[in-house]
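**Q**
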DNA sequence: AAGTTATATCGGAGAATACCGATTTGTATG
DNA sequence: CATACAAATCGGTATTCTCCGATATAACTT
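Chains as they are written, first to last, in the UniProt record's numbering: chain E, 1 to 136; chain Y, 1 to 136.
1. Please report how far the alpha carbon of residue 10 of chain Y lies from the alpha carbon of residue 102 of chain Y, in whole angstroms.
2. The beta strand (DSSP E) that contains residue 117 of chain Y, what's its start and end?
3. Report yes or no: do three or more beta-carbon pairs, one from the region 50-62 of chain Y and one from the region 38-58 of chain E, lie closer than 8 Å?
4. Between the C-alpha atoms of residue 112 of chain E and residue 106 of chain E, what's the straight-line distance to the nearest angstrom?
5. Let me know the secondary structure DSSP gives residue 41 of chain E once reduced to three states.
6. Could you check where the beta strand (DSSP E) with residue 107 of chain E kicks off and where it finishes?
7. Rounded to whole angstroms, what's the CA-CA distance from residue 43 of chain E to residue 38 of chain Y? Just pull it up for me.
8. Between which two residues does the alpha helix (DSSP H) containing residue 133 of chain E stretch?
9. Could you work out which residue in E:83, E:117, E:90 is closest to residue 99 of chain E when comparing CA atoms only?
10. Residue 110 of chain Y: buried (16+ other C-beta within 10 angstroms of its C-beta) or exposed?
11. Rounding to the nearest angstrom, what Cα-Cα distance links residue 75 of chain E and residue 125 of chain E in this structure?
12. Would you kindly work out how many angstroms separate the C-alpha atoms of residue 79 of chain Y and residue 91 of chain Y, rounded to a whole number?
13. Compute the beta-carbon to beta-carbon distance between residue 64 of chain E and residue 121 of chain Y, rounded to the nearest angstrom, for a pair I have assumed lies under 8 Å.
14. Could you tell me if residue 85 of chain Y is buried or exposed, where buried requires 16 or more neighbouring beta carbons within 10 angstroms of its beta carbon?
15. Would you mind telling me which residues of chain E sit closer than 8 Å to residue 48 of chain Y, beta carbon to beta carbon, in chain order?
16. Could you name the residues of chain E that residue 56 of chain Y contacts, counting a contact when the two beta carbons are closer than 8 Å?
17. Would you please verify whether the beta carbon of residue 86 of chain E is less than 8 Å from any beta carbon of chain Y?
18. Can you grab the Cα-Cα spacing for the pair residue 36 of chain Y / residue 72 of chain E, in whole Å?
19. Using only CA atoms, which one of Y:87, Y:81, Y:134, Y:94 lies nearest to residue 41 of chain E?
20. Tell me where the alpha helix (DSSP H) around residue 63 of chain Y begins and ends.
21. Can you find a C-beta in chain E that's less than 8 Å from the C-beta of residue 19 of chain Y?
22. Does the Cβ of residue 119 of chain E lie closer than 7 Å to at least one heavy atom of the ligand FMN?
23. Does DSSP classify residue 76 of chain Y as helix, strand or coil?
24. Do residue 128 of chain E and residue 115 of chain E have their beta-carbon atoms positioned less than 8 Å apart in this structure?
25. Against chain Y, with Cβ distances strictly below 8 Å, would residue 93 of chain E count as a contact?
26. Under 7 Å Cβ to Cβ from residue 27 of chain E, same chain only, skipping five residues before and after it: list those, please.
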């Protein structure tokens, strides 16, 4: 499907550690798992936590549909209720999850609460995911 | 925290429908939810499905750590086992989820199976999510 | 104040996920 | 062929998530 070098790096971001490791270790080695350099590959806890919060928030169909609906500008909770065709309490709790995650912001006007995308980076995120998802 | 226009659009992607709607409808309207134009805001099913598949796959700490570990180049399953400090069956099933979602590719060499990032867009996705996540 | 509409929160049942030991499959090697 | 190691799959339990009715809070109306 894609252009994969049959060995070595997949992009330019790496600091050569992976590639070097593979090349320097003996070709016919009979074990690969007892390697102290693996320590280097462990991800930072805070980074993972930040990513996880975002992905968990977006890993739900109704919440995704809310964000997609907000592409065209702000909407109030009851409009989103109509778009999703879901009960009020369901929509409301999804909205509060999205707000807690910082994906959407709110603006209160009279008895209505309007929701909007907080950061256009969220939309880039959806676009990337859509592109990744349909050629799987 | 961020630069939000206090009303109106959040970016340039919208086709003005949201903004116009809000402006043209009466200021003191007492209902906002019975609007036929809301139909326009419903997202395409296939797009949502594609996005959902990607986000669900990445909405797990161990799978995220696997992808992060693969930033530096390919690794075999048992190396990932060591990095995650998780039982073999657990790691293996996470890897097959990642492969099914098209996030990683595999290369078999002898008795080892090496995993690598299938598309660098996945890494952009993680970077975006990390950026969105830590200033929430 | 009483009524109406919009939204948030609570609580608990049902569904989906994650986890991990045990077993199976695959590959090399003595 | 027996053994050893890597990896995948199976089965069941534990945890988390989703959903939605019921209830609470808030703002506007008469």
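Cβ atoms here follow ideal geometry from the backbone N, Cα and C, with glycine treated the same way.
**A** Working from what's here:
1. As a position in the second chain, residue 10 of chain Y is number 10, starting the count at 1. As a position in the second chain, residue 102 of chain Y is number 102, starting the count at 1. Only weak support exists for where residue 10 of chain Y lies, its pLDDT of 36 falling under 50; the value from the coordinates is given anyway. Cα to Cα, the separation comes out at about 32 Å.
2. For the purposes of this step, residue 117 of chain Y is taken as the residue at position 117 of the second chain. Element bounds for residue 117 of chain Y: 112-117.
3. Per the Cβ contact rule, the region 50-62 of chain Y is in contact with the region 38-58 of chain E (3 or more Cβ pairs under 8 Å).
4. Locating residue 112 of chain E in the first chain gives position 112, where the first residue counts as 1. Locating residue 106 of chain E in the first chain gives position 106, where the first residue counts as 1. Roughly 10 Å separates the two Cα atoms.
5. If you number the first chain from 1, residue 41 of chain E lands on position 41. Here DSSP, grouped into helix, strand and coil, assigns residue 41 of chain E to helix.
6. Locating residue 107 of chain E in the first chain gives position 107, where the first residue counts as 1. Taken as a continuous stretch (DSSP letters only), the beta strand (DSSP E) holding residue 107 of chain E covers 104-109.
7. Within the first chain, residue 43 of chain E is the residue found at index 43, counting from 1. Within the second chain, residue 38 of chain Y is the residue found at index 38, counting from 1. Going from the Cα of residue 43 of chain E to the Cα of residue 38 of chain Y covers about 43 Å.
8. Within the first chain, the letter at position 133 stands for residue 133 of chain E. Under the DSSP assignment, residue 133 of chain E falls in the alpha helix (DSSP H) whose first and last residues are 121-134.
9. Your numbering for residue 99 of chain E matches position 99 in the first chain. Of E:83, E:117, E:90, the smallest CA-CA separation from residue 99 of chain E is found for E:117.
10. Against the second chain, residue 110 of chain Y aligns to sequence position 110. Residue environment for residue 110 of chain Y: exposed (fewer than 16 other C-beta atoms within 10 angstroms of its C-beta).
11. Here the question's residue 75 of chain E lines up with position 75 in the first chain. Here the question's residue 125 of chain E lines up with position 125 in the first chain. Roughly 20 Å separates the two Cα atoms.
12. For this step, residue 79 of chain Y is matched to residue 79 along the second chain. For this step, residue 91 of chain Y is matched to residue 91 along the second chain. The straight-line gap separating the alpha-carbon atoms of residue 79 of chain Y and residue 91 of chain Y is approximately 10 Å.
13. Numbered from 1 along the first chain, position 64 holds the residue referred to as residue 64 of chain E. Numbered from 1 along the second chain, position 121 holds the residue referred to as residue 121 of chain Y. With a Cβ gap of about 18 Å, residue 64 of chain E and residue 121 of chain Y do not count as contacting.
14. One-based indexing of the second chain puts residue 85 of chain Y at position 85. Counting every other CB atom within 10 Å of its CB across the protein chains shown gives residue 85 of chain Y a total below 16, marking it as exposed.
15. Translated into the one-based positions of the second chain, residue 48 of chain Y becomes position 48. In chain order: 61, 64, 65, 68.
16. Start at 1 with the first residue of the second chain, and residue 56 of chain Y comes out as number 56. Contact annotation for residue 56 of chain Y against chain E: 59 [CB-CB distance below 8 Å, chain order].
17. Locating residue 86 of chain E in the first chain gives position 86, where the first residue counts as 1. Contact with chain Y is absent for residue 86 of chain E, since none of that chain's Cβ atoms lies less than 8 Å from the residue's Cβ.
18. Walking along the second chain from the start, residue 36 of chain Y turns up at place 36. Walking along the first chain from the start, residue 72 of chain E turns up at place 72. In this model, residue 36 of chain Y and residue 72 of chain E are separated by some 15 Å (Cα to Cα).
19. Residue numbering aside, residue 41 of chain E sits at position 41 when the first chain is read from its first letter. Nearest option by C-alpha distance: Y:81.
20. The residue labelled residue 63 of chain Y in the question sits at position 63 within the second chain. Its alpha helix (DSSP H) spans residues 61-70.
21. Along the second chain, one-based indexing puts residue 19 of chain Y at 19. With a pLDDT of only 39 at residue 19 of chain Y, under 50, the local geometry of the prediction cannot be trusted, and the value read off the model is given with reservation. Chain E, which has a Cβ nearer than 8 Å to the Cβ of residue 19 of chain Y, makes this yes.
22. No copy of the ligand FMN occurs in the structure displayed, which carries no ligand at all.
23. On the second chain, residue 76 of chain Y is found 76 positions in, with the first residue counted as 1. Annotated three-state conformation of residue 76 of chain Y is strand, per DSSP.
24. Counted from its first residue, the first chain places residue 115 of chain E at position 115. Counted from its first residue, the first chain places residue 128 of chain E at position 128. For residue 115 of chain E and residue 128 of chain E, no; Cβs fall outside 8 Å.
25. On the first chain, position 93 is the one that residue 93 of chain E refers to. Residue 93 of chain E does not count as touching chain Y.
26. Taking the first chain and counting its residues from 1, the one referred to as residue 27 of chain E is at position 27. Note that residue 27 of chain E has pLDDT 42, beneath the 50 cutoff, so the model's placement of it is unreliable and the number below is only indicative. Closer than 7 Å at Cβ, skipping near neighbours: no residue.
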